[in-house]
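Colleague: Attaching a single structure in structure tokens format; questions to follow.
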């Protein structure tokens with residue numbers, strides 16, 4: 001925790017001094033400010049999710065929700081609210097487009113014995129229990145579309161945290177159906193789904 | 202280095218604990234209630250419960266997760282059609298078509314399969330009484346063309362006026378669906394892939410009526426009609 005706190009402090013200094021959109025490149029200061037926490041190659045690191053291969057419209061919508069404080073779970077509040085405070089919309093768009101082009105690697109950190117159960121829930125939902133199909137919105141390979149995020153290959157712990165947070169009343173994008181979806185998922189379903197997704201390429 | 206253990210410990214534990222207990226308690230109480238009602242009515246339960254109030258509410262929420270919080274439709278990976286204001290007979294007929302595989306859709310088949318006939322009726326009635334504004338977002342450039350096709354058809358291409366069956370305001374009737382306010386991408390998808398989506402299987406289906414009509418429309422004509430009806434209130 002301490003180390004991430006330090007990283008954020010340094011990041012905040014960077015964000016206020018080193019934003020230079022005119023010299024855009026993969027190795028720009030703006031990108032480094034993100035990968036500092038989101039991992040080498042933006043593949044995710046502990047609590048910071050993978051950005052590589054993420055839908056650009058989703059990244060932009062989340063940056064907006066951090067700025068407007070509508071995505072209000074503890075880590076977002078603690079890190080992302082300040083991280084995006086000095087980010088201008090033009091740079092946000094460039095960053096989103098840049099990360100979207102990086103080939104994502106699956107986290108593979110779920111319980112592989114639950115993966116097939118998770119896949120069934122992902123594709124079909126559990127209609128008897130009013131659990132909806134994830135596939136209908138997130139796509140056959142969990143690749144996402146527009147501002148609906150790619151889920152395939154995100155880390156088990158990140159996905160689990162997100163699904164639990166909606167059940168606890170935290171929000172993200174206004175109007176998202178996810179809080180409703182998440183309240184119907186029991187702990188076993190969350191385990192199975194997030195395990196499956198962590199292996200999706 | 203921060204391990205998964207400390208990550209979990211950082212979550213707002215106390216709060217989460219409290220809510221989970223409360224939710225579980227509520228869920229248990231609901232299940233008990235539903236079971237008790239089912240037992241008192243029929244002597245046996247399981248599988249298809251009578252749509253008690255709680256059952257209907259939960260199922261409506263389930264439908265609206267994908268079809269929009271007011272039934273106005275939604276764009277997921279696939280476009281989810283508007284159900285609000287839809288003809289109840291049409292909704293019932295389509296749910297049957299999914300179950301009988303006359304309409305190919307992997308998600309909706311599973312969804313429809315667990316619905317009891319009385320639940321289907323209750324859901325269809327509920328949606329027919331909703332009137333949110335259209336989902337919107339369709340391109341506006343060809344609305345005038347769409348209106349003309351909708352009201353006059355394309356006599357040279359043997360396309361009848363849509364309004365002849367779907368009504369001048371696109372409200373539909375009985376098994377003929379309402380088109381007013383329908384999600385643009387959904388209508389385009391249905392009209393351009395009619396043969397692969399509708400009238401599957403061996404049974405004769407009312408959707409067969411649309412096959413020649415859909416076939417004779419060009420892509421840009423399909424888009425024009427879909428855009429026009431998407432803005433009808």
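Protein chains in written order, with this note's numbering: chain A, 1 to 201; chain B, 202 to 434. The beta-carbon is built from N, C-alpha and C at its ideal position, and this holds for glycine as well.
Could you list which residues in chain B have their beta carbon closer than 7 Å to that of residue 49(A), in chain order?
Modeller: Reading the first chain from its first residue, position 49 is the one you call residue 49(A). Within chain B, no residue comes near residue 49(A); the closest Cβ sits about 12 Å away, beyond 7 Å.
Colleague: Would you give the residue range spanned by the alpha helix (DSSP H) that residue 422(B) belongs to?
Modeller: For the purposes of this step, residue 422(B) is identified with residue 221 of the second chain, where counting begins at 1. 420–431 is the extent of the alpha helix (DSSP H) around residue 422(B).
Colleague: If you follow the alpha helix (DSSP H) that residue 137(A) is part of, which residue opens it and which one closes it?
Modeller: The count along the first chain starts at 1 and reaches residue 137(A) at position 137. Where residue 137(A) is concerned, the enclosing alpha helix (DSSP H) stretches over 135–138.
Colleague: Check each candidate in 419(B), 396(B) and 420(B) and name the one with the smallest Cα separation from residue 410(B).
Modeller: Mapped onto the second chain, residue 410(B) falls at position 209. Answer by Cα proximity: 396(B).
Colleague: Answer with buried or exposed for residue 381(B), where buried requires no fewer than 16 other C-beta atoms within 10 angstroms of its C-beta.
Modeller: To locate residue 381(B), count along the second chain from 1; it is residue 180. Flag for residue 381(B) reads buried.
Colleague: Just the C-alpha distance for residue 49(A) and residue 359(B), rounded to the nearest angstrom, thanks.
Modeller: Here residue 49(A) refers to the residue found at position 49 when the first chain is read from its first residue. Here residue 359(B) refers to the residue found at position 158 when the second chain is read from its first residue. Roughly 55 Å between the two C-alpha positions.
Colleague: Would you check if the distance between the CB atom of residue 107(A) and the CB atom of residue 53(A) is smaller than 8 Å?
Modeller: Against the first chain, residue 107(A) aligns to sequence position 107. Against the first chain, residue 53(A) aligns to sequence position 53. Cβ atoms of residue 107(A) and residue 53(A): not closer than 8 Å.
Colleague: To the nearest angstrom, how far is the alpha carbon of residue 201(A) from that of residue 112(A)?
Modeller: In the first chain, the residue the question calls residue 201(A) occupies position 201. In the first chain, the residue the question calls residue 112(A) occupies position 112. Near 14 Å, if we compare the C-alpha coordinates of residue 112(A) and residue 201(A).
Colleague: Determine whether the beta carbon atoms of residue 276(B) and residue 384(B) lie at a separation below 8 Å.
Modeller: The residue given as residue 276(B) occupies position 75 in the second chain. The residue given as residue 384(B) occupies position 183 in the second chain. A contact, by the Cβ cut-off of 8 Å.
Colleague: Answer yes or no: do residue 429(B) and residue 344(B) have a C-beta to C-beta separation smaller than 8 Å?
Modeller: Taking the second chain and counting its residues from 1, the one referred to as residue 429(B) is at position 228. Taking the second chain and counting its residues from 1, the one referred to as residue 344(B) is at position 143. In contact: residue 429(B) and residue 344(B) (Cβ atoms closer than 8 Å).
Colleague: Decide if residue 436(B) is buried, meaning its Cβ has at least 16 other Cβ atoms within 10 Å, or exposed.
Modeller: Chain B is shown only over 202 to 434; residue 436(B) falls outside these bounds and no answer can be derived.
Colleague: Helix, strand or coil for residue 200(A)? Go by DSSP, reduced to three states.
Modeller: For the purposes of this step, residue 200(A) is taken as residue 200 along the first chain, with counting starting at 1. The answer is coil: DSSP assigns residue 200(A) none of H, G, I, E or B.
Colleague: Keeping to the same chain, check which residues put their C-beta closer than 7 Å to that of residue 75(A); ignore five residues upstream and five downstream.
Modeller: For the purposes of this step, residue 75(A) is taken as residue 75 along the first chain, with counting starting at 1. So the list reads 47, once near-sequence residues are dropped.
Colleague: Buried or exposed: where does residue 421(B) fall if 16 or more other Cβ atoms within 10 Å of its Cβ makes it buried?
Modeller: Your numbering for residue 421(B) matches position 220 in the second chain. By the neighbour-count rule (16 or more Cβ atoms within 10 Å), residue 421(B) is not buried but exposed.
Colleague: Among 194(A), 59(A) and 165(A), whose alpha-carbon lies nearest the alpha-carbon of residue 92(A)?
Modeller: The residue you call residue 92(A) lines up with position 92 of the first chain. It is 59(A) whose Cα lies nearest to the Cα of residue 92(A).
Colleague: Can you tell which of 61(A), 181(A) and 191(A) has its C-alpha closest to the C-alpha of residue 158(A)?
Modeller: Taking the first chain and counting its residues from 1, the one referred to as residue 158(A) is at position 158. The shortest C-alpha separation from residue 158(A) is found at 191(A).
Colleague: Measuring only between beta-carbons, confirm whether residue 193(A) sits less than 8 Å from chain B.
Modeller: Stepping through the first chain from its first residue, residue 193(A) is reached at position 193. Not one chain B Cβ lies under 8 Å of residue 193(A).
Colleague: On a CA-only basis, which of 261(B), 315(B), 297(B) and 372(B) is nearest residue 124(A)? Give me that one, please.
Modeller: For the purposes of this step, residue 124(A) is taken as residue 124 along the first chain, with counting starting at 1. Residue 124(A) has its Cα closest to that of 315(B), out of 261(B), 315(B), 297(B) and 372(B).
Colleague: In terms of DSSP beta bridges, what is residue 48(A) paired with?
Modeller: Mapped onto the first chain, residue 48(A) falls at position 48. Residue 48(A) is bridged to 45(A).
Colleague: Using a Cβ-Cβ cut-off of 8 Å, state whether residue 394(B) counts as contacting chain A.
Modeller: For the purposes of this step, residue 394(B) is identified with residue 193 of the second chain, where counting begins at 1. For residue 394(B), the answer is no, since every Cβ of chain A falls outside 8 Å of its Cβ.
Colleague: Specify, as a first and last residue, the run of the alpha helix (DSSP H) that residue 97(A) falls within.
Modeller: Along the first chain, read from residue 1 onward, the residue named residue 97(A) stands at position 97. Per DSSP, residue 97(A) belongs to the alpha helix (DSSP H) from 89–101.
Colleague: What's the gap between the Cα of residue 224(B) and the Cα of residue 129(A)?
Modeller: Counting from 1 along the second chain, the entry for residue 224(B) is found at position 23. Counting from 1 along the first chain, the entry for residue 129(A) is found at position 129. Summary for residue 224(B): the model assigns pLDDT 48, below 50, so the residue's position carries little reliability; its value from the coordinates is reported in the next sentence. For residue 224(B) and residue 129(A), the distance between alpha carbons rounds to 15 Å.
Colleague: Round the Cβ separation of residue 266(B) and residue 181(A) to the nearest angstrom and send it over; I've been treating them as touching at under 8 Å.
Modeller: Within the second chain, residue 266(B) is the residue found at index 65, counting from 1. Within the first chain, residue 181(A) is the residue found at index 181, counting from 1. With a Cβ gap of about 6 Å, residue 266(B) and residue 181(A) count as contacting.
Colleague: What do you get for residue 189(A), buried or exposed, if any count of 16 or more other CB atoms within 10 angstroms of its CB means buried?
Modeller: For the purposes of this step, residue 189(A) is taken as residue 189 along the first chain, with counting starting at 1. That one is buried.
Colleague: Skipping 5 residues on each side, what residues in its chain have a beta carbon closer than 7 Å to that of residue 135(A)?
Modeller: As a first step, residue 135(A) must be located in the first chain, where it is residue number 135. Only 122 and 123 meet the Cβ criterion.
Colleague: Leaving out five residues before and five after residue 427(B) in sequence, what residues of the same chain have Cβ atoms less than 6 Å from its Cβ?
Modeller: Working through the second chain from its first residue, we reach residue 427(B) at position 226. Closer than 6 Å at the Cβ level, and outside the excluded window around residue 427(B), lie 385, 388 and 389.
Colleague: With a cut-off of 8 Å, does the C-beta of residue 124(A) fall near any C-beta of chain B?
Modeller: Taking the first residue of the first chain as 1, we reach residue 124(A) at position 124. Yes, because at least one Cβ of chain B sits closer than 8 Å to the Cβ of residue 124(A).
Colleague: Taking only runs that begin and end inside the segment 357–432 of chain B, name each unbroken alpha helix (DSSP H) of 4 or more residues, in chain order.
Modeller: Runs found: 364–367, 385–393, 395–398, 411–417 and 420–431.
Colleague: Considering only C-alpha positions, which residue in the set 399(B), 279(B) and 419(B) is nearest to residue 303(B)?
Modeller: Within the second chain, numbered from 1, the residue matching residue 303(B) stands at position 102. Closest by alpha carbon: 399(B).
Colleague: Should residue 346(B) be flagged as near chain D, meaning a C-beta pair shorter than 8 Å?
Modeller: Protein chains in the displayed structure are A and B, and chain D is not among them.
Colleague: Residues of chain A with CB under 8 Å from residue 259(B), in chain order?
Modeller: Counting from one through the second chain, the residue named residue 259(B) turns up at place 58. Under the 8 Å cutoff, chain A gives 130.
Colleague: Please list the partners that residue 139(A) has in chain B, where partner means a Cβ-to-Cβ separation under 8 Å.
Modeller: Taking the first chain and counting its residues from 1, one reaches residue 139(A) at position 139. Neighbours of residue 139(A) on chain B, chain order: 278.
Colleague: Just to check my reading of the structure: residue 70(A) and residue 179(A) have Cβ atoms closer than 8 Å, yes? What is that Cβ distance to the nearest angstrom?
Modeller: The residue you call residue 70(A) lines up with position 70 of the first chain. The residue you call residue 179(A) lines up with position 179 of the first chain. Between residue 179(A) and residue 70(A) the Cβ distance is about 12 Å, and since that is not below 8 Å, they are no contact.
Colleague: So residue 121(A) contacts chain B; which residues on that side make the cut at Cβ distance below 9 Å?
Modeller: The sequence position of residue 121(A) within the first chain is 121, counting from 1. Near residue 121(A) there are no residues of chain B at all, since even the closest Cβ is about 11 Å away, more than 9 Å.
Colleague: In chain order, what residues of the same chain lie with their CB nearer than 8 Å to the CB of residue 146(A), ignoring the 5 residues before and after it?
Modeller: Along the first chain, read from residue 1 onward, the residue named residue 146(A) stands at position 146. Around residue 146(A): 55, 57 and 58.
Colleague: Could you check what DSSP says for residue 275(B) in three-state terms: helix, strand or coil?
Modeller: Mapped onto the second chain, residue 275(B) falls at position 74. In this structure, residue 275(B) counts as strand in the three-state DSSP scheme.
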